[in-house]
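*Asks:*
Residue numbers (the working numbering), protein chains in the order written: chain R, 844 to 1172; chain X, 3 to 397.
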């Protein structure tokens, strides 16, 4: 008997693509996508249920459809489309709590896969070079995405304690890049001139979008419990990334970058949050030993390859004027 | 045309010993020159441009004739610079144009390249260009800690080497004590107001032992702009248990300065008196990974910036451990930043093995304290021996 997978956050591109990929997997019988708004693209064999995970309706969906695997990926990084920060927090935290409550009540759910992020580790000068899964942030995140994810992870751990029979897999994905990714970080790299903090060269780690889809599917199919860092091999510094992108960058003091980011956020040009500023100042590295040894997952793209793929996508739209301006033939 | 060319030989400087302006004998009179105004002006204006512009055929003709001459001495052992002068004369005689001929530019360039890069300058220059291109395209590798090996070797080490060799005249002893491979922990005393001793130790280990020393730095290092990125690129990482154990179990040669700011920021009157060795975190990291501890004693670093005062209130304001006052520093302005040229001795002591202990014994605080004291005593005694040994601070 195949599995019945429920995917939250299907209206976003990455959720929709994961649901489609999962639906084509032979070991998965049915995929149900849940979101507040209908998905924008083609969802193929995925059946869509319009439901808000912030209210108890979701429990009925779980029961009615005999869902045995829940893939929670509706945690959003930017208020952007949702509205204000308040709505974003509600969607992320209250939505996750409701979903977990529904899972706890459910008798059919056997597996829960949560797409988390390495942003929970924060970024500070007191960070170790590589975070392992046992480590926490040096300073608790004060606001924003990082705080939401930190709180959600707490609730997920609580759920795992209360329902030891459910295999809970938490995927802490590094910053996802790829041709289709629309995230604060990819928007940052899409800026025509890249602002950066003077005198800092952070180490960045990327995960290719295809690898993210693969690892979520891997987790949903194998059901190996635990928390896993997932990132491409190797590191890139911001200098390398900017130079490989072939874009000009301008270095300014850290506070000026923060001010610029706030201005751009108000003007809706780019989303440059405080935690992103921290990331782009101090960087972060995560250890992926457990991903290999326990989860048994091998990313196809290294950090550098993932970023190169992202650069290739940028080439047709930005390269032509860029090349003329920069003057390299 | 021929008339112009003839004129041109006379006017420029450096005519090779022939009579110049004002001697009268070989020159037309001023009346004669007034008769031919075009001829007078032409040698001054277009002539300097001639060699650069590809137009005139004269320098072209010179070039192929000169090329074999330039190549032969370069392949032989004679210096290219010596052949330059006779050739310049010959060019002036053979093709009497003004300005500096292309051949001269070429040979001067070759001479300079030879001077800078040595005998195989062509290969070295090509390497340098490739290096520059790789840097500009971001096509280089870093490791998990942000260590940029190529930049460190080609740039940081090259910049530090003259300082170490000419200014501090580094003398390194006990190099056999550094293992050729595998993880090891170098523990050193810390002094000198500015952590120059760390840089010199890194250079000494690289040049004499052929390994990279990976220093562990305080979090202040990674908080400061510029310093933080330089530190990561040269192989440093944060001094925390996680990083230390990760590096040691990865087989790296790790350097720690357990005295920290207490060590480099101590007054000159307390020179060569070891401060407290932290909380012994480095010992437990070595115990857990079973790597040897190599005590390193550095003499000479205390005298580079004699710390005679501090401005604690300003230091607190800026968030730094101390604001150094030396006999020269704020008073002489930037000149006060020049370190005193003390003579340095680095002695690597006999490794203290930790593989006999069980990894769980790292949890035994008494053992950790004992090993910490052992390392500290070793360094302190070696320091006293070296101080007795040296002939003078600047000797």
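Positions of the beta carbon are idealized from the N, C-alpha and C atoms, including for glycine.
None of these values were measured; they are calculated from a predicted model.
Are the region 1055-1066 of chain R and the region 244-252 of chain X touching, with three or more C-beta to C-beta distances below 8 angstroms?
*Replies:* These segments do not touch.
*Asks:* Would you kindly check if the distance between the Cβ of residue 350 of chain X and the Cβ of residue 297 of chain X is under 9 angstroms?
*Replies:* Locating residue 297 of chain X in the second chain gives position 295, where the first residue counts as 1. Locating residue 350 of chain X in the second chain gives position 348, where the first residue counts as 1. Against a cut-off of 9 angstroms, the Cβ pair of residue 350 of chain X and residue 297 of chain X comes out as a contact.
*Asks:* Buried or exposed: which applies to residue 36 of chain X, given that a residue is buried once 16 or more other Cβ atoms fall within 10 Å of its Cβ?
*Replies:* If you number the second chain from 1, residue 36 of chain X lands on position 34. Exposed.
*Asks:* How should residue 103 of chain X be labelled, buried or exposed, when 16 other C-beta atoms within 10 angstroms of its C-beta is the threshold for buried?
*Replies:* Within the second chain, numbered from 1, the residue matching residue 103 of chain X stands at position 101. When all chains shown are included, residue 103 of chain X counts as buried.
*Asks:* Anyone know if the C-beta pair for residue 921 of chain R and residue 956 of chain R falls short of 9 angstroms?
*Replies:* The residue given as residue 921 of chain R occupies position 78 in the first chain. The residue given as residue 956 of chain R occupies position 113 in the first chain. For residue 921 of chain R and residue 956 of chain R, no; Cβs fall outside 9 angstroms.
*Asks:* Quick one: residues in its chain with C-beta nearer than 8 angstroms to the C-beta of residue 971 of chain R, no 5 flanking neighbours on either side, listed in chain order?
*Replies:* The residue you call residue 971 of chain R lines up with position 128 of the first chain. Within the same chain, residue 971 of chain R has close Cβ partners 978.
*Asks:* Going by other Cβ atoms of all chains shown within 10 Å of its Cβ, with 16 needed for buried, is residue 898 of chain R buried or exposed?
*Replies:* Numbered from its first residue, the first chain carries residue 898 of chain R at position 55. Label assigned to residue 898 of chain R: exposed.
*Asks:* Determine, using beta-carbon pairs with one atom in the region 273-286 of chain X and one in the region 323-342 of chain X, whether at least three such pairs fall under 8 angstroms.
*Replies:* The answer is no - the region 323-342 of chain X does not touch the region 273-286 of chain X, with fewer than three Cβ pairs under 8 angstroms.
*Asks:* In chain R, what lies closer than 9 angstroms to residue 144 of chain X by C-beta?
*Replies:* The sequence position of residue 144 of chain X within the second chain is 142, counting from 1. Near residue 144 of chain X (Cβ distances below 9 angstroms), the residues of chain R are 1046, 1077, 1078, 1079, 1080 and 1083.
*Asks:* Are at least three pairs of beta-carbons, each pair with one atom in the region 885-894 of chain R and one in the region 934-952 of chain R, less than 8 angstroms apart?
*Replies:* The region 885-894 of chain R vs the region 934-952 of chain R: no contact.
*Asks:* DSSP state of residue 1034 of chain R, grouped into three classes?
*Replies:* On the first chain, position 191 is the one that residue 1034 of chain R refers to. In the structure shown, residue 1034 of chain R sits in coil (DSSP, three-state: anything other than H, G, I, E or B).
*Asks:* Using the Cα positions of residue 850 of chain R and residue 931 of chain R, report the straight-line distance between them to the nearest angstrom.
*Replies:* Locating residue 850 of chain R in the first chain gives position 7, counting from the first residue. Locating residue 931 of chain R in the first chain gives position 88, counting from the first residue. Cα-Cα distance, rounded: 19 angstroms.
*Asks:* Count the other C-beta atoms from every protein chain shown that fall within 10 angstroms of the C-beta of residue 61 of chain X, then say buried if there are 16 or more, exposed otherwise.
*Replies:* Mapped onto the second chain, residue 61 of chain X falls at position 59. Reliability fails at residue 61 of chain X, whose pLDDT of 44 lies under 50, so the model's placement of it is uncertain and no value is given.
*Asks:* Tell me the rounded alpha-carbon separation between residue 1253 of chain R and residue 149 of chain X.
*Replies:* Within the shown structure, residues of chain R are numbered from 844 to 1172, placing residue 1253 of chain R beyond reach of any answer.
*Asks:* Please compile the residues from chain X whose C-beta is within a distance smaller than 9 angstroms of the C-beta of residue 969 of chain R.
*Replies:* Stepping through the first chain from its first residue, residue 969 of chain R is reached at position 126. Under the 9 angstroms cutoff, chain X gives 221, 224, 225, 240 and 242.
*Asks:* Report buried or exposed for residue 388 of chain X, applying the criterion of at least 16 other Cβ atoms within 10 angstroms of its Cβ.
*Replies:* One-based indexing of the second chain puts residue 388 of chain X at position 386. Under this definition residue 388 of chain X is a buried residue.
*Asks:* Since residue 878 of chain R sits in a beta bridge, which residues does DSSP pair it with?
*Replies:* For the purposes of this step, residue 878 of chain R is identified with residue 35 of the first chain, where counting begins at 1. In DSSP, residue 878 of chain R forms a bridge with R:893.
*Asks:* Counting only beta-carbon separations shorter than 9 angstroms, does residue 823 of chain R have a partner in chain X?
*Replies:* Nothing can be reported for residue 823 of chain R: it is not among the residues displayed for chain R, which extend from 844 to 1172.
*Asks:* Shorter than 9 angstroms from the beta carbon of residue 934 of chain R to some beta carbon of chain X?
*Replies:* The sequence position of residue 934 of chain R within the first chain is 91, counting from 1. Not one chain X Cβ lies under 9 angstroms of residue 934 of chain R.
*Asks:* By the three-class DSSP mapping on this structure, what secondary structure does residue 312 of chain X have?
*Replies:* Against the second chain, residue 312 of chain X aligns to sequence position 310. Three-state DSSP puts residue 312 of chain X in a strand.
*Asks:* Of all the CB atoms in chain R, is at least one closer than 9 angstroms to the CB of residue 140 of chain X?
*Replies:* Stepping through the second chain from its first residue, residue 140 of chain X is reached at position 138. Judged by the 9 angstroms Cβ criterion, residue 140 of chain X is in contact with chain R.
*Asks:* Shorter than 9 angstroms from the beta carbon of residue 310 of chain X to some beta carbon of chain R?
*Replies:* Counting from one through the second chain, the residue named residue 310 of chain X turns up at place 308. Cβ-Cβ to chain R under 9 angstroms: no for residue 310 of chain X.
*Asks:* In whole angstroms, what separates the C-alpha of residue 863 of chain R from that of residue 128 of chain X?
*Replies:* One-based indexing of the first chain puts residue 863 of chain R at position 20. One-based indexing of the second chain puts residue 128 of chain X at position 126. If you take the alpha carbons of residue 863 of chain R and residue 128 of chain X, they lie about 51 angstroms apart.
*Asks:* From what residue to what residue does the beta strand (DSSP E) around residue 349 of chain X run?
*Replies:* Here residue 349 of chain X refers to the residue found at position 347 of the second chain. 347-350 is the span of the beta strand (DSSP E), which, as asked, contains residue 349 of chain X.
*Asks:* Kindly indicate which residue of R:1022, R:1086 and R:1049 has the alpha-carbon position closest to the one of residue 1131 of chain R.
*Replies:* Working through the first chain from its first residue, we reach residue 1131 of chain R at position 288. Ranking R:1022, R:1086 and R:1049 by Cα distance to residue 1131 of chain R puts R:1049 first.
*Asks:* Helix, strand or coil, according to DSSP, for residue 949 of chain R in the structure here?
*Replies:* Locating residue 949 of chain R in the first chain gives position 106, counting from the first residue. DSSP places residue 949 of chain R in coil when its eight states are reduced to three.
*Asks:* Does DSSP put residue 175 of chain X in a helix, a strand or coil?
*Replies:* Position 173 of the second chain, counted from the start, is the residue given in the question as residue 175 of chain X. The answer is strand: DSSP assigns residue 175 of chain X an E or B state.
*Asks:* Between residue 175 of chain X and the rest of its own chain, which residues show a CB-CB distance below 6 angstroms, the 5 nearest in sequence each way excluded?
*Replies:* Mapped onto the second chain, residue 175 of chain X falls at position 173. Excluding sequence neighbours, residue 175 of chain X sits near 349.
*Asks:* Would you report the Cα separation of residue 884 of chain R and residue 860 of chain R, rounded to the nearest angstrom?
*Replies:* By one-based count along the first chain, residue 884 of chain R stands at place 41. By one-based count along the first chain, residue 860 of chain R stands at place 17. Going by the C-alpha atoms only, they are around 9 angstroms apart.
*Asks:* With 9 angstroms as the C-beta to C-beta threshold (strictly closer), list the residues of the region 258-287 of chain X near chain C in chain order.
*Replies:* Looking at the structure shown, chain C is missing, and the protein chains on hand are R and X.
*Asks:* Mind listing which residues of the region 147-160 of chain X have their C-beta closer than 7 angstroms to chain R's C-betas, in chain order?
*Replies:* Listed by position along the chain: 147 and 148.
*Asks:* Reducing DSSP to helix, strand and coil, say where residue 1018 of chain R ends up.
*Replies:* Numbered from 1 along the first chain, position 175 holds the residue referred to as residue 1018 of chain R. Correct three-state label for residue 1018 of chain R: strand.
*Asks:* Taking residue 163 of chain X as the reference, which of X:206, X:237, X:197 and X:381 has the closest Cα?
*Replies:* Residue numbering aside, residue 163 of chain X sits at position 161 when the second chain is read from its first letter. Taking only the C-alpha atoms, the option nearest residue 163 of chain X is X:206.
*Asks:* Looking at chain X, which residues of the region 972-997 of chain R have a Cβ within less than 8 angstroms of any of its Cβ atoms?
*Replies:* Going along the region 972-997 of chain R in chain order, one finds 972, 973, 975 and 978 with a Cβ nearer than 8 angstroms to chain X.
*Asks:* Quick check on residue 333 of chain X: buried or exposed, where buried means 16 or more other Cβ atoms within 10 Å of its Cβ?
*Replies:* In the second chain, residue 333 of chain X corresponds to position 331, counting from 1. With fewer than 16 other Cβ atoms within 10 Å, it is exposed.
*Asks:* Which residue or residues does DSSP assign as beta-bridge partners of residue 271 of chain X?
*Replies:* As a working mapping, residue 271 of chain X is identified with position 269 in the second chain. Answer is none; residue 271 of chain X lacks a bridge partner.
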